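K.L.:
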Amino acid sequence: MQAVAPLGRVVALDMPGFGQADKPADYPYSVEGGTAFLTEALKQLGIVRAHLVLHDFGGPWGLMWAAMNPLGLASLTLINTGVLKGYRWHYMARIWRTPLLGELQQLITTRSGFKWAISVGCPKGLPLEFINRMYQDLDWGTKRAILKLYRATGDLNNRSQALGKMLAPLNPPTLVVWGAADPYLPARYAEQQKETFAKAQVVLLPQSGHFPFADDPQGVAQAVVPFLRQQLSGGAAGVRSGAA
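When the letters of the sequence shown are read in order and numbered with my numbering, they come out as residues 82 to 325.
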C-alpha cells in the first residue's frame with residue numbers, strides 16, 4: 082500500500098471472516114456473499130470507479146464484481162489469481178472441502194504446521210512478521226470461514242468458464258503478476274489470463290511463491306506502480322520487464 086499510496090486513494094479491505102474483519106457464523110461465506118459485500122463496501126465508501134488489485138480468493142470476488150459492474154472497473158491487477166480455466170483444487174483445498182476431515186485439519190493446525198503450509202513454494206521464504214500476523218488472525222472464526230468458503234465455491238473451472246465469457250468483452254487494462262513457484266495456483270495460469278484479458282501484461286517473479294507481495298515486495302512494486310501510474314494518468318500502461 083505504501084508504494085501506491087502517492088498515486089491516489091488506496092483502500093484495503095479485510096473481507097468478512099478474514100484478518101481483523103468481523104467473522105459472524107451466519108454470514109454467507111461464498112463467492113456470491115463476498116461479491117455482495119464488496120459491492121456494498123464500495124458504495125458506502127463512495128467509490129464509483131475502481132482500479133482493482135486482487136490476490137487469491139480476491140480474484141473470484143473482485144472479478145465477479147467487475148462482471149456485474151463493467152462501468153465501475155477502471156483496471157485490473159491480478160496477483161496469483163484470475164480466471165482459472167481448467168483449474169483443479171489444490172491438495173489443501175480438497176481437505177477443506179471434505180466434511181469432518183477439513184474440521185480435523187483446522188483443529189490440529191499448529192504454528193509450525195501453518196508456517197510450513199504458507200511457505201511451501203517460496204524459494205526465499207516468507208518474512209517472520211508476515212507469518213506471525215497471518216497466524217494471529219487464524220482464529221476459529223477464520224477457520225470456519227475457510228471451510229464454508231471452499232465448500233460453497235464448488236467447481237472453480239465451471240465458474241471460471243462462465244466468468245471468462247462475461248469478462249472477455251470488457252477487455253480492461255490488466256496487469257498479471259505471478260510468483261512462478263506458487264504450488265497452489267501454478268504459474269501456467271498467468272499467461273492463460275490473456276485468453277480473457279487481451280490487453281494483459283504478464284510479469285513472472287521467478288523467486289516468488291503464492292504471496293509475492295510478502296516474499297518479493299520490490300518485484301511487485303516494480304510491476305504494479307508504473308502500471309497504476311499510467312492508468313491514473315490516462316496513458317498506455319508500461320511495466321518494467323526487469324521484474325520478470
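Just so it is clear, CB atoms sit at the ideal spot from N, CA and C, and this is done for glycine as well.
In this text the structure is predicted, and so the values were computed from the model without any measurement.
In its own chain, which residues sit with a C-beta less than 6 Å from the C-beta of L157, not counting the 5 before and 5 after it?
P.N.:
L133, P253, T255
K.L.:
Mind checking who V284 pairs with in its DSSP beta bridge?
P.N.:
V258
K.L.:
Which residue comes first and which comes last in the beta strand (DSSP E) that contains S156?
P.N.:
154 to 160
K.L.:
Can you tell which of F99, Y168, E272, V112 has its C-alpha closest to the C-alpha of P141?
P.N.:
V112
K.L.:
Whose C-beta lies closer than 6 Å to the C-beta of Q274 among residues of the same chain, with five residues either side of it excluded?
P.N.:
G163, V257, A281
K.L.:
Who are V134's beta bridge partners in DSSP?
P.N.:
T158
K.L.:
Assess, as a yes-or-no matter, whether the segment 184 to 192 is touched by the segment 218 to 228 under the definition of 3 or more beta carbon pairs within less than 8 Å.
P.N.:
yes
K.L.:
Could you compute how far the alpha carbon of S176 sits from the alpha carbon of S241?
P.N.:
Before going on, a small fix: residue 176 reads as Ile here, not Ser. The straight-line gap from Cα to Cα measures roughly 21 Å.
K.L.:
For Y108, which option in R225, R178, A147, G127 has the closest C-alpha, if you only look at C-alpha atoms?
P.N.:
R225
K.L.:
With a Cβ-Cβ cutoff of 8 Å, do P264 and G202 count as a contact?
P.N.:
In contact: P264 and G202 (Cβ atoms closer than 8 Å).
K.L.:
For the candidate residues A86, F294, G143, A155, whose alpha-carbon lies nearest to that of A122?
P.N.:
G143
K.L.:
Considering only the alpha carbon of each residue, which of L152, R310, E272 lies closest to V284?
P.N.:
The option with the nearest alpha carbon to V284 is E272.
K.L.:
Taking the straight line between their C-alpha atoms, what separation do you get for Q288 and Q311?
P.N.:
26 Å
K.L.:
Near V306, what residues of its chain come up, given a Cβ to Cβ distance below 7 Å and the 5 sequence neighbours on each side ignored?
P.N.:
A84, V85
K.L.:
For G114, which of L230, L159, S193, I160 has the nearest alpha-carbon?
P.N.:
L230
K.L.:
Pull up the distance between the alpha-carbon of E124 and that of R269, whole angstroms please.
P.N.:
Note that residue 124 is Lys in the sequence shown here, rather than Glu. Rounded to whole angstroms, K124 to R269 spans 35 Å at the Cα level.
K.L.:
Mapping DSSP to helix, strand and coil, what is G319?
P.N.:
Confidence at G319 is low in this model, with a pLDDT of 39, below 50, so the placement of that residue is unreliable and no value is reported for it.
K.L.:
Work out the CA separation of L159 and T191 for me, nearest whole Å.
P.N.:
30 Å
K.L.:
Whose C-alpha, out of D103, G127, A102, Q217, is nearest the C-alpha of V91?
P.N.:
Closest by C-alpha distance to V91, out of D103, G127, A102, Q217, is G127.
K.L.:
Does the beta-carbon of Y110 have 16 or more other beta-carbons within 10 angstroms, so that it is buried, or is it exposed?
P.N.:
buried
K.L.:
Assign S314 to one of three DSSP states: helix, strand, or coil.
P.N.:
helix
K.L.:
Would you kindly report the start and end of the unbroken alpha helix (DSSP H) that includes F195?
P.N.:
192 to 200
K.L.:
Using beta-carbon positions only, say whether L251 and P87 come within less than 8 Å of one another.
P.N.:
no
K.L.:
In chain order, what residues of the same chain have a beta carbon less than 8 Å from the beta carbon of M82, not counting five sequence neighbours either side?
P.N.:
V91, A93
K.L.:
Here's a check: name, in chain order, each residue in its chain whose Cβ is nearer than 8 Å to the Cβ of L182, leaving out the five neighbours to either side.
P.N.:
I176
K.L.:
In whole angstroms, what separates the C-alpha of A324 from that of Q217?
P.N.:
Low local confidence applies: a pLDDT of 31 at A324 is under 50, so the model's placement there is unreliable, with the coordinate-based value given in what follows. Cα-Cα distance, rounded: 31 Å.
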